[in-house]
Amino acid sequence: MSTPPRLEVQNLTRRFDGRSVVDDVSFSVLAGQVACLLGPSGCGKSTTLRIVAGVDMQDSGRISVDGNLVCDTVFRVPPERRAIGLMFQDFALFPHLSVAENVAFGLRGGAQANRDRVAELLDRVQMGNHIDSYPHQLSGGEQQRVALVRALAPRPRVLLMDEPFSGLDERLRDGIRDETLALLKEEGTAVLLVTHEPVEAMRMADQILLMRDGRIVQQGAPYNLYNAPADRRVAGFFSDLN
Ligand code: ADP
Ligand code: MG
1 MSTPPRLEVQ NLTRRFDGRS VVDDVSFSVL AGQVACLLGP SGCGKSTTLR IVAGVDMQDS
61 GRISVDGNLV CDTVFRVPPE RRAIGLMFQD FALFPHLSVA ENVAFGLRGG AQANRDRVAE
121 LLDRVQMGNH IDSYPHQLSG GEQQRVALVR ALAPRPRVLL MDEPFSGLDE RLRDGIRDET
181 LALLKEEGTA VLLVTHEPVE AMRMADQILL MRDGRIVQQG APYNLYNAPA DRRVAGFFSD
241 LN
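Below, the structure written as C-alpha cells:
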C-alpha cells in the first residue's frame with residue numbers, strides 16, 4: 001500500500017448565507033511539500049485554511065492527516081489535537097515573553113527543558129543571539145523569523161501559513177521567503193501557504209492550487225500553470241510576472 005498524503009482535503013464546501021464561499025475543494029499535500037493556495041482577495045483561501053486548522057467547520061467534505069480522519073460533517077478532532085501549526089500575519093508574538101519563551105510556548109516543559117531545540121531553531125534563522133530578547137526589541141523581519149520557528153518548534157505534521165509575509169517591507173520579502181523555504185525544507189513538514197501574490201507562489205510552491213470564486217480552477221507545478229494556463233484568466237493572473 002502506498003503512503004497516504006500528509007494532508008488530504010476532499011470535497012470541502014463552506015456556505016455563508018447560502019453562498020458557497022468554498023465550493024467542492026479537493027487537494028493533497030505530501031510531506032516535505034509546499035502547496036500554495038493562490039487567488040485574489042475574497043476567493044475563499046483563508047476560509048479553507050481555517051477549516052483545516054479546525055477553527056471553522058465545513059458544510060460538507062472531509063480532511064485527513066497521514067490517512068487519519070481529522071474532520072468530516074459528524075466527526076471532529078479539536079484544533080489543539082490536530083498536530084497542525086499556524087502562522088498567520090496577525091498571529092503576533094507574546095509581548096511579555098522572551099524570544100526563547102515564545103518559541104518554547106507550545107512545547108511540554110517550556111524553554112528550560114527545550115533549550116537545545118529552541119537554540120538550534122533560532123540559529124537556523126540567524127536569531128541565536130536574540131534568544132533572551134523581547135519582541136519589542138526586534139524588527140518586523142526578526143519577529144517574523146521568531147514566529148516561524150515558534151510554529152515549527154512542536155514539529156507539526158502540517159504548517160498553515162496565511163499571507164505570512166504581507167506585513168513586511170517589500171525589500172525584505174524575497175530574502176525572508178528564501179530563508180523560510182530553506183527551513184521548511186530542512187524540517188520536512190507539509191506546508192499549505194495562502195497568498196494572493198503570484199510571484200510568491202512561483203517562488204515558494206512545489207504545487208500551486210489556483211483558486212477563484214471558491215473553486216480550484218487549476219493545480220500543478222508552478223511552471224505548468226505558467227506555461228499551460230487552463231484559461232485566459234489564469235494566464236492573466238501570471239502575466240505581470242515577467
Ligand atoms: P480570502 O482569504 O481568499 O481573501 P476569505 O476566505 O477570507 O477569502 O473569504 C471568502 C468570502 O467569504 C468573502 O466574500 C468573505 O466576505 C466571506 N466570509 C468569510 N468569512 C465569513 C463569515 N464568517 N461570514 C460571512 N461571510 C464570510
Ligand atoms: Mg485571506
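Anchor point for the sequence shown: position 72 equals 72 in full-length UniProt numbering, and the numbering is continuous, going up by one each time. Each residue gets a CB set at the ideal place from its N, CA and C atoms; glycine is no exception.
Here DSSP, grouped into helix, strand and coil, assigns MET127 to coil. As computed with DSSP, CYS43 is found in no beta bridge at all. Here DSSP, grouped into helix, strand and coil, assigns SER139 to coil. For the 8 Å CB-CB criterion, GLY44 and MET211 form a contact. Residue pairing by DSSP leaves ILE51 without any beta bridge partner. The nearest non-hydrogen atom of the ligand ADP is 7 Å or more from the C-beta of VAL217.
In the three-state reduction of the DSSP assignment, ASP132 falls in the coil class, being assigned neither a helical nor a strand state. Residue burial is scored here from C-beta neighbours: TYR226 has at least 16 other C-beta atoms within 10 angstroms and is therefore classed as buried. When rounded, the separation of the alpha-carbon atoms in ARG171 and GLU142 is 14 Å. The residue among VAL149, SER2, ALA83 and LEU138 with its C-alpha nearest the C-alpha of GLU120 is VAL149. Non-local beta-carbon contacts of THR47 in its own chain, meaning distances under 6 Å to residues more than five positions away in sequence, involve ARG14, VAL21 and VAL22 in chain order. Its chain contains ALA235 as the residues whose beta carbon lies nearer than 6 Å to that of PRO229, once the 5 sequence neighbours on both sides are disregarded; these appear in chain order. Setting aside the 5 residues that flank it on each side, LEU49 is surrounded in the same chain by LEU160, ASP162 and VAL194, each with a C-beta closer than 6 Å to its C-beta; the list follows chain order. By DSSP's assignment, THR195 forms a beta bridge with LEU38.
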